[in-house]
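Student:
Numbering (full-length UniProt numbering), first residue to last: 1 to 79.
(1) Could you compute how far the alpha carbon of residue 18 sits from the alpha carbon of residue 30?
(2) Helix, strand or coil, according to DSSP, for residue 38 in the structure here?
(3) Taking the Cβ atom as the reference point for each residue, do residue 45 and residue 38 lie within a distance shorter than 8 Å?
(4) Identify the continuous alpha helix (DSSP H) that holds residue 8 and give its terminal residues.
(5) For residue 9 and residue 32, I'd like the C-alpha separation in whole angstroms.
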């Protein structure tokens, strides 16, 4: 599969977010932290479902067996 351009991937992500269920997007701003977390999980599942058609490959950053990083320039702790 040929490499997809950044613009096409960005457009696909924008469309995926635009068609996300409204109740999920509304819950992102909920007062309850559990509701917010649940909404983030639902949104992540929605994006994963939309991305199933893509083959995600990495460039050769690191040696064999190295764990590829989703955001190579950002290795700071999450949270």
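A virtual CB, placed ideally from N, CA and C, is assigned to each residue, including glycine.
Tutor: In brief:
(1) Within the chain shown, numbered from 1, the residue matching residue 18 stands at position 18. Within the chain shown, numbered from 1, the residue matching residue 30 stands at position 30. Rounded to the nearest angstrom, the two C-alpha atoms are 19 Å apart.
(2) As a first step, residue 38 must be located in the chain shown, where it is residue number 38. Here residue 38 sits in helix by DSSP.
(3) For the purposes of this step, residue 45 is taken as the residue at position 45 of the chain shown. For the purposes of this step, residue 38 is taken as the residue at position 38 of the chain shown. In this structure, residue 38 does not lie closer than 8 Å to residue 45 by Cβ.
(4) Residue numbering aside, residue 8 sits at position 8 when the chain shown is read from its first letter. Segment 6 to 18, the alpha helix (DSSP H) holding residue 8.
(5) The sequence position of residue 9 within the chain shown is 9, counting from 1. The sequence position of residue 32 within the chain shown is 32, counting from 1. Each residue's alpha carbon lies about 32 Å from the other.
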